[in-house]
Amino acid sequence: MSSEDRVQVAASFILQSPPGEINDVLNDVRVIVDDDAGLEEGILPALREYNIAQFTTVEVPGEQHQTIVSDFARVPDTEEERYLDPRSTTSFVFNHLTLEATDPQSEEPSEVEPQRAALESAALSYLSSHYHDGVTTVLALSTTRFAIQIVSNKYNPSNYWAGRWRSHYEIDFESRTIQGRVLVNVHYYEQGNVQLSTSNDLSISIPSAVSSLSPASSASKIFALIEAEESRCQTSLNDAYHEMGEKAFKGLRRALPLTRQKIDWDKTMGYKLGAELTASNRTFGAQAR
Amino acid sequence: MAEGPDPVDSMLDLMRRLPPTNVEENVNALIQICPDYADDLLGSVDQPLKVKTDRETGKDYLACDYNRDGDSYRSPWSNEYDPPIEDGTAPTPKLRKLEIAANEAFDTYRELYYEGGVSSVYLWDLEDGGFAGVVLLKKAMTPTSPDEPSGSWDSIHVFETAERGRQAHYKLTSTVMLELVTKQNNKADETSVLGEPEKKASEQGWKSSGEITLSGNMTRQTEQDWPVHEPTSHITNTGKMIEEMEMKMRNLLQEVYFGKTRDIVYDLRSVDDLEKARRQRELQKELVGFIKR
Numbered sequence: 033m034s035s036e037d038r039v040q041v042a043a044s045f046i047l048q049s050p051p052g053e054i055n056d057v058l059n060d061v062r063v064i065v066d067d068d069a070g071l072e073e074g075i076l077p078a079l080r081e082y083n084i085a086q087f088t089t090v091e092v093p094g095e096q097h098q099t100i101v102s103d104f105a106r107v108p109d110t111e112e113e114r115y116l117d118p119r120s121t122t123s124f125v126f127n128h129l130t131l132e133a134t135d136p137q138s139e140e141p142s143e144v145e146p147q148r149a150a151l152e153s154a155a156l157s158y159l160s161s162h163y164h165d166g167v168t169t170v171l172a173l174s175t176t177r178f179a180i181q182i183v184s185n186k187y188n189p190s191n192y193w194a195g196r197w198r199s200h201y202e203i204d205f206e207s208r209t210i211q212g213r214v215l216v217n218v219h220y221y222e223q224g225n226v227q228l229s230t231s232n233d234l235s236i237s238i239p240s241a242v243s244s245l246s247p248a249s250s251a252s253k254i255f256a257l258i259e260a261e262e263s264r265c266q267t268s269l270n271d272a273y274h275e276m277g278e279k280a281f282k283g284l285r286r287a288l289p290l291t292r293q294k295i296d297w298d299k300t301m302g303y304k305l306g307a308e309l310t311a312s313n314r315t316f317g318a319q320a321r
Numbered sequence: 026m027a028e029g030p031d032p033v034d035s036m037l038d039l040m041r042r043l044p045p046t047n048v049e050e051n052v053n054a055l056i057q058i059c060p061d062y063a064d065d066l067l068g069s070v071d072q073p074l075k076v077k078t079d080r081e082t083g084k085d086y087l088a089c090d091y092n093r094d095g096d097s098y099r100s101p102w103s104n105e106y107d108p109p110i111e112d113g114t115a116p117t118p119k120l121r122k123l124e125i126a127a128n129e130a131f132d133t134y135r136e137l138y139y140e141g142g143v144s145s146v147y148l149w150d151l152e153d154g155g156f157a158g159v160v161l162l163k164k165a166m167t168p169t170s171p172d173e174p175s176g177s178w179d180s181i182h183v184f185e186t187a188e189r190g191r192q193a194h195y196k197l198t199s200t201v202m203l204e205l206v207t208k209q210n211n212k213a214d215e216t217s218v219l220g221e222p223e224k225k226a227s228e229q230g231w232k233s234s235g236e237i238t239l240s241g242n243m244t245r246q247t248e249q250d251w252p253v254h255e256p257t258s259h260i261t262n263t264g265k266m267i268e269e270m271e272m273k274m275r276n277l278l279q280e281v282y283f284g285k286t287r288d289i290v291y292d293l294r295s296v297d298d299l300e301k302a303r304r305q306r307e308l309q310k311e312l313v314g315f316i317k318r
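Quick note, the sequences are listed as chains A and B, same order. When you number the first sequence by our numbering, it's gap-free, plus one each residue, and the end is 321. When you number the second sequence by our numbering, it's gap-free, plus one each residue, and the end is 318.
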């Protein structure tokens, strides 16, 4: 296999990394591919794709908060990887390998800053009410469309587990819809490899009355809708857990046989031996064994 | 050849991290990168067992690395390879007799615990005198309606025996692979989220569709000594060990799959309002302060 092909295969492994374990996967890939120079150059696109898809967060240089490195936040018409933090209206250069943010620059606020800021304020309030360790970013896509991203991570490598919740919404005030997706990933790896992967596509209609509200009021109503949906999603997941644990799991393998006792192995072997003896008695005299 | 970590260790570490649902593609990809390690990899990474049908007897059996020779697999019922090959690896006649009895015993075990599914046992001699074997069990469930979950359970129990007089020392390594998938489709026509019941139903709707996948594997080991009176004692002994082991692992899987992973989701997001809870605690502290004074 050519070096380029090996690096391409390595890229596919990176994209499958569980939350918080990208460095472990990279270390494994380094040993397996055994070509550091080729790897460093070749996997940059995969690292970029992974970081964007996984809602990778970063401390905004010069600020006291984090933002999500998002495709919607990519500053256009620049050669460098420059991303916008709408909360501080600054942008920074992001290194997808080292995960460092550098070279902050001031940016122009969006045309619809009042609405965007109102949504951001409601998002931050929603975060502190429902997420233990969340980060959010709210971006204006046009004068009537906004993108909201939420991510919550928990890493516990010493106890062999990690989890990530990602929510993504596109608010369209013109068509009065919220389109969203919620993704949850959990990895448990003590003497094994167990993973939960959920994906939920949501579509919510915004009542017409919301259009005539102030930015702050409409933002708060929008997040009331999102909160109801996400909570319903989470309780629905809980119900599915119950169903899988009680019914499906039991349908695969019983805890005990119908007799409600463990197998009597001597008896099991005895029956088989008995059957064999009877069989050999029938052929006795026909042929010496 | 680079010095440093063994590529196989890195490959095994990688397979413990990548999604269990992609194990086949990932193992194939690793073999493409490092073809020299193909055998090591296929022998060490557990993959879902494949079901094959014995052409001679019509019975199903399970295919894995332990009954494979090249691209052919040996049936425990007919002892023949499919596709047929010349001089394929097979147990000696004495061991084959034991293998037949073991398959019958575990067929009973399978019926009592799995009420369906497929089982297979393969034995092979070890160079130092003892013998080893693998007991395989597989059960899959396909849902009758789209709302029901689908799932599969695969057991791989590899054991080694070494006879010491009238006793035998057994080493058992057991892996269970479990996967459950649920699809969900919901919608509401009249959810009155904002207290506006007069509004048309179409204006207050929501729709959601999703999928939940719980999949993975867990491994445990044990070493025990048991008395041996006749060759079939090995079947009784490994039978008891495997039954006990599956019991423990079933409980472990239940805890991890439906307990631990669920708890982690609730560590990420709370359905209850955390701010409200914080304010209540503050209020309580204040009240306690007042009462103490």
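Note that beta-carbon positions come from the ideal geometry of N, C-alpha and C, so glycine has one too. Predicted, not measured: the structure shown is a model, and the values here were computed from it.
Measuring C-alpha to C-alpha distances from ALA105 of chain A to each of A:SER174, A:LYS186, A:GLU262 identifies A:SER174 as the nearest. Around the C-beta of GLU311 of chain B, fewer than 16 other C-beta atoms lie within 10 Å, and the residue is accordingly described as exposed. Taking 3 residues as the minimum length, the beta strand (DSSP E) runs contained wholly in the region 91-174 of chain B are 97-99, 143-150, 156-166, in order along the chain.
Using a CB distance cut-off of 8 Å, SER237 of chain A counts as an interface residue toward chain B. Selection A:GLY70, A:PRO51, A:ILE203 evaluated against ALA43 of chain A yields A:GLY70 as nearest (Cα-Cα). Closer than 7 Å at the C-beta level to chain B, one finds these residues of the region 158-184 of chain A: SER160, SER161, HIS162, TYR163, HIS164, SER184. By the CB criterion at 8 Å, GLU248 of chain B and LYS164 of chain B fall outside the cutoff. Assignment of ALA154 of chain A by DSSP, reduced to helix, strand and coil, places it in the helix class. The beta carbon of VAL281 of chain B sits closer than 8 Å to some beta carbon of chain A. Exclusion of the five residues before and after PHE87 of chain A leaves ILE100, GLN181, VAL183, ARG198 as the residues of its chain whose Cβ lies within less than 7 Å of its Cβ.
A direct Cα-Cα distance of roughly 5 Å separates THR134 of chain A from VAL125 of chain A. Per the Cβ contact rule, the region 216-225 of chain A is in contact with the region 278-290 of chain B (3 or more Cβ pairs under 8 Å). Counted as a single uninterrupted DSSP element, the stretch harbouring PHE281 of chain A is not any beta strand (DSSP E) but the alpha helix (DSSP H) occupying residues 281-284. By the Cβ neighbour-count rule, VAL57 of chain A is buried, with 16 or more other Cβ atoms within 10 Å of its own.
Restricted to the region 250-278 of chain B, not a single alpha helix (DSSP H) segment is unbroken, complete and at least 4 residues in length. When DSSP states are grouped into helix, strand and coil, TYR192 of chain A belongs to the coil group. Counting only the Cα atoms, ASN55 of chain A lies some 54 Å from LYS299 of chain A. If you look at ASN217 of chain A, you'll find it in the beta strand (DSSP E) that goes 209-220. Within 10 angstroms of the beta-carbon of VAL313 of chain B lie fewer than 16 other beta-carbons, which makes it exposed. Taking all protein chains in view, the Cβ of ALA241 of chain A is surrounded by fewer than 16 other Cβ atoms within 10 Å, so the residue is classified as exposed. Residue pairing for GLN137 of chain A: DSSP places it in a beta bridge opposite A:SER123. Secondary structure within the region 238-276 of chain A: not one fully enclosed beta strand (DSSP E) run of 3 or more consecutive residues is present.
When only Cα atoms are considered, THR261 of chain B and ALA126 of chain B end up about 11 Å apart. Checking the DSSP bridge columns, you'll see LEU197 of chain B partnered with B:PHE184, B:THR247. In this structure, the beta-carbon distance from SER243 of chain A to LEU171 of chain A does not fall below 8 Å.
At a beta-carbon threshold of 8 Å, none of the residues of chain A lie near SER69 of chain B; the nearest stands roughly 13 Å away. Where ILE295 of chain A is concerned, there is no enclosing alpha helix (DSSP H), because DSSP gives it neither an H nor an E. Closer than 8 Å to the CB of ASP233 of chain A there is at least one CB belonging to chain B. Take GLN211 of chain A, set aside five residues on each side of it, and the residues of its chain with a beta-carbon closer than 6 Å to its own are GLU202, SER235, in chain order.
Under DSSP, GLY52 of chain A shares a beta bridge with no residue. In the DSSP annotation of this structure, the continuous segment of the beta strand (DSSP E) that includes TYR86 of chain B starts and ends at 85-88. Residue burial is scored here from C-beta neighbours: ASN53 of chain B has fewer than 16 other C-beta atoms within 10 angstroms and is therefore classed as exposed. HIS97 of chain A is classed as exposed because its beta carbon has fewer than 16 other beta carbons within 10 Å across all chains shown. Interface residue (Cβ-Cβ distance to chain A less than 8 Å): ILE289 of chain B is classified as such. In this structure, GLY230 of chain B and SER138 of chain A do not form a Cβ contact; the two beta carbons are roughly 42 Å apart against a cut-off of 8 Å.
Proximity of chain A to PRO32 of chain B at the Cβ level (cut-off 7 Å) is accounted for by VAL63, ILE64, in chain order.
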